[in-house]
Every structure is written in structure tokens, then in C-alpha cells.
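These notes concern the structure reproduced below.
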Amino acid sequence: MMMKQKTVTLGRTGITSGKNAFGALPIQRDDKETAIYLLRKAYKSGFTFFDTARMYSDSEEKIGAALSDVRDNIIIATKTTAKTAEEFERDLEKSLELLKTDHIDIYQFHNPSFVPKPGDGTGLYEKMLEARSAGRIRFIGITNHKLDLAEEAVKSGLYDTLQFPFSYLATEKDIHIVELCRENNVGFICMKALSGGLITNSAAAYAFLDKFDNVLPIWGIQRESELDEFISYIDDAPEMTEEITAVIENDRKELIGEFCRACGYCQPCPMGISISQCARMIQLIRRSPSAGHLSEASQKMMLNAENCIECGQCMKRCPYELNIPALLRKNVQDYKNILAGKVKV
Numbered sequence: 589m590m591m592k593q594k595t596v597t598l599g600r601t602g603i604t605s606g607k608n609a610f611g612a613l614p615i616q617r618d619d620k621e622t623a624i625y626l627l628r629k630a631y632k633s634g635f636t637f638f639d640t641a642r643m644y645s646d647s648e649e650k651i652g653a654a655l656s657d658v659r660d661n662i663i664i665a666t667k668t669t670a671k672t673a674e675e676f677e678r679d680l681e682k683s684l685e686l687l688k689t690d691h692i693d694i695y696q697f698h699n700p701s702f703v704p705k706p707g708d709g710t711g712l713y714e715k716m717l718e719a720r721s722a723g724r725i726r727f728i729g730i731t732n733h734k735l736d737l738a739e740e741a742v743k744s745g746l747y748d749t750l751q752f753p754f755s756y757l758a759t760e761k762d763i764h765i766v767e768l769c770r771e772n773n774v775g776f777i778c779m780k781a782l783s784g785g786l787i788t789n790s791a792a793a794y795a796f797l798d799k800f801d802n803v804l805p806i807w808g809i810q811r812e813s814e815l816d817e818f819i820s821y822i823d824d825a826p827e828m829t830e831e832i833t834a835v836i837e838n839d840r841k842e843l844i845g846e847f848c849r850a851c852g853y854c855q856p857c858p859m860g861i862s863i864s865q866c867a868r869m870i871q872l873i874r875r876s877p878s879a880g881h882l883s884e885a886s887q888k889m890m891l892n893a894e895n896c897i898e899c900g901q902c903m904k905r906c907p908y909e910l911n912i913p914a915l916l917r918k919n920v921q922d923y924k925n926i927l928a929g930k931v932k933v
């Protein structure tokens, strides 16, 4: 007997979605035909919420090509990194054009370094209000990686939704943000539910998030096999079994603390270091063994991390305030030990 899909309502927006939402960042790495196929399959299988961003190269264009004929049946959330009113207008116009729609359901400020507010001198929030009055957007959202900015946004009363990292590696402070959203009737959209690829058990990730009825996870999907996993959870949602609890407890012991979430905000590096890959390479090797991690290209990438000049630029940009040079040094040394056969994985 088919079960009814679990749903989440995003606070005062009244928008209700199945517990699975489609994160469209990864489809920028697919060719157009593949992306359209995945988006159509997701929609036909029950996905109705699609999250993208202006900065995700051609992601918006692919969504427009795949889903414009069913626009009235889906929710589209996208984002702008605009820092001025003029940039905001250009981004909004381009997003509407590429998505082939006359409105965006949730328009989000994309990881700003401050919380835009009326009268702050940027004109950004005023443009949001103007766009909403004109019917070009329905609700105002914000995404962020910093706890203090997330809390400020939720308490301000200015935002209908918050998009924030949340997974079973969350701390009590992260859970506080989820509950704060509930108290303030703000929709909580969950990014990084797989913690940038470090969480490899999607069933455990789903089961944990299912404990929070106000959390809508957006799963970054690039491959059909990934999509099929989440489609299977629509009718057979993973539950918090003893086995899954053990997986979560083990991962929390192994991963909580100083680890890179691969958000990418530390880039670019003046020395050309691929920071997010190099700073978590050893965890990737241990959690998802692959010959590619030890390939000639990967070795070249990792050894380039030795060129870090500790300028501090990446640390200033890191939302998690990580000591990135120290993470790089540790990962490079461990990597060398693996290559030398001193450490087995």
C-alpha cells in the first residue's frame, strides 16, 4: 500500500512541499539533455520544490527548459548575490527570463555578509518590497552560513524563509535556529543535509531531518542514481532505527568539529589551491574510497596546497571560522603518508 508523501509547510508562506526538494546546484555540471531528464523525472515522481540561484551558471536555464510547461504546479526558489539595487534588478530580470516565468515564489539574498534591511543604504530590501508589490516575487528569503546573521534575520521579521546548513552533524546552536524559525513562523529550508558529501548515508540524513517537521531539505542532485534514492523515500521514508542511530552516532564522533563543509566561500585562493577539496581530502578518502582521490591529478592538486602562504584571506571568508591553513597542512601530511604506504585506508 502506497503511503502519502510526508510534507513540510514553510512557516507563514503557507507553501507546502513534499519532504524532498530538488537542489539544482549540481545540474550545472550536467549537459542540458541530462539535466532536463532529471528535472522532469523528479517532477513526475513527486518533487514540486526546486531551488537554484543566479550564480549557479546555467541551472536556471535548465529548469526553465524542463519545467516551464508545469510552472503552475511547482515552487521555484532562486537567489541573488546583488550588492546594489541595480545589480538586484539585473539579476531578477535574468532569472525570470531564464526560468521562463513571470514570478519567483521565494527570492533569496544569497549568503550576504550582513542582513539587508529597509534604510540600510543599499536599497536591496526596498527592491525586494518593490518586486513583491509588482507580483514578480511572492516571498522574501535569505540564505546564510553564519549563526549570528541567521538569528538576526529570523528575529527581524523581514524574512519569510531562511536557508541554512543543517544535518545530523548539527550542534545545539544549529537546532536553536530551527526552533527559532518555528517560533517566528519563518520557513526553514535546509541546505548541506549531506554536509558537502561527507555524509554518505542518505537514509540516515533523511531520518534525522524527519524529526523536524518544519525543516525542508533540498537535496543536491546530479545523477539519476541519487535522484532514485530520494524518490524511493517518498513512499518508504527511512525511520530512526537502531542501525541508523548507530550510523549517526559514529559519524558524529568522527566528523563533528573542525571540518570543511565545502561551501566554497573561501575561494578564490591567490595560490590557486583547491581549498575545499584539499582541506577535507582525507575524510573523502576514508568515507568514499576512490582511485580518483589518489590519481596523478589529485596528487598534483594536493601537493599544490603546500604552497599556502597563510595570507589569511580564506579564513576571513570562511563562515565557519576554520583554521584553513592548519587543515591544509594536516591533510597534505596525511595524504603523503597514504602515498608512502605509511597509512592504510
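Just so you know, this note's numbering puts the end of the sequence shown at 933, numbered straight through with nothing missing.
Cβ atoms here follow ideal geometry from the backbone N, Cα and C, with glycine treated the same way.
Owing to the predicted nature of the structure, the values given are computational and were not obtained by experimental measurement.
Taken through DSSP and simplified to helix, strand or coil, Q855 comes out as coil.
In its chain, beyond the 5 residues on either side, A673, P706 have a beta carbon closer than 8 angstroms to the beta carbon of E714. Between the alpha carbons of D824 and F818 lies a distance of about 10 angstroms. Boundaries around P913 are those of the alpha helix (DSSP H), 912-927, since no beta strand (DSSP E) includes it. The alpha carbon of L750 has as its nearest neighbour, out of L882, N802, M828, the alpha carbon of N802.
The C-beta distance from R849 to G808 rounds to 13 angstroms, too long to meet the 8 angstroms contact threshold. D639 is a Cβ neighbour of A665, given a cutoff of 7 angstroms. Looking at the backbone, the Cα of Q616 and that of I651 are separated by about 10 angstroms.
The beta carbon of V835 sits closer than 7 angstroms to the beta carbons of N789, A792 from its chain, once the five residues preceding and following it are set aside; these are given in chain order.
By the CB criterion at 7 angstroms, I662 and I603 fall outside the cutoff. One thing to note: R770 has its Cβ no nearer than 7 angstroms to the Cβ of C854. In this structure, the alpha-carbon of Q901 lies about 20 angstroms from that of T669. Of the residues assessed, A885 falls on the exposed side of the cut-off, its CB having fewer than 16 other CB atoms within 10 angstroms. Looking at the DSSP output, V774 sits in a beta bridge with G599. In the DSSP annotation of this structure, the continuous segment of the beta strand (DSSP E) that includes Y695 starts and ends at 692-698. Note on G852: under 16 other CB atoms within 10 angstroms of its CB, so exposed under the neighbour-count rule. The Cβ neighbour count for Q921, taken over all protein chains shown within 10 Å, is under 16; the residue is labelled exposed.
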